[in-house]
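Note sheet for the following structure.
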Amino acid sequence: IYVDYYFKIFKIKIDDIDYQTIFRILEVLIKKDDEIRLYVLPKVVKILQSKFKLLKK
Numbered sequence: 002i003y004v005d006y007y008f009k010i011f012k013i014k015i016d017d018i019d020y021q022t023i024f025r026i027l028e029v030l031i032k033k034d035d036e037i038r039l040y041v042l043p044k045v046v047k048i049l050q051s052k053f054k055l056l057k058k
C-alpha cells in the first residue's frame with residue numbers, strides 16, 4: 002500500500018534506483034513514523050512559523 006501511494010504521489014522515475022533500496026527507505030520511514038510525528042514535525046512547524054513571521058514583516 003505504501004509503495005503504491007508513494008509512487009502515485011511523487012511519480013518518481015525509478016529506472017536507476019534499485020527496488021530494494023526504495024523498500025528499505027520506506028521500511029525505515031514506517032518504523033520511525035511515531036518518532037517523526039512526535040519529534041520532527043513539531044520542530045519543522047516551529048521553524049516554518051518563524052520563517053513565515055520573518056517574511057511577513
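So the sequence shown is numbered by our numbering: it starts at 2 and just counts up by one. We treat Cβ as the ideally placed atom computed from N, Cα and C, and that holds for glycine. Only a predicted model underlies this, so the values are computations on that prediction, with no experimental measurement involved.
How many angstroms separate the CA atom of residue 23 from the CA atom of residue 49?
28 Å
Practice prompt. Go ahead and pull the three-state DSSP assignment for residue 33.
Written response: coil
### Euclidean distance between Cα positions of residue 21 and residue 52
Answer to the nearest angstrom: the Cα atoms are 37 Å apart.
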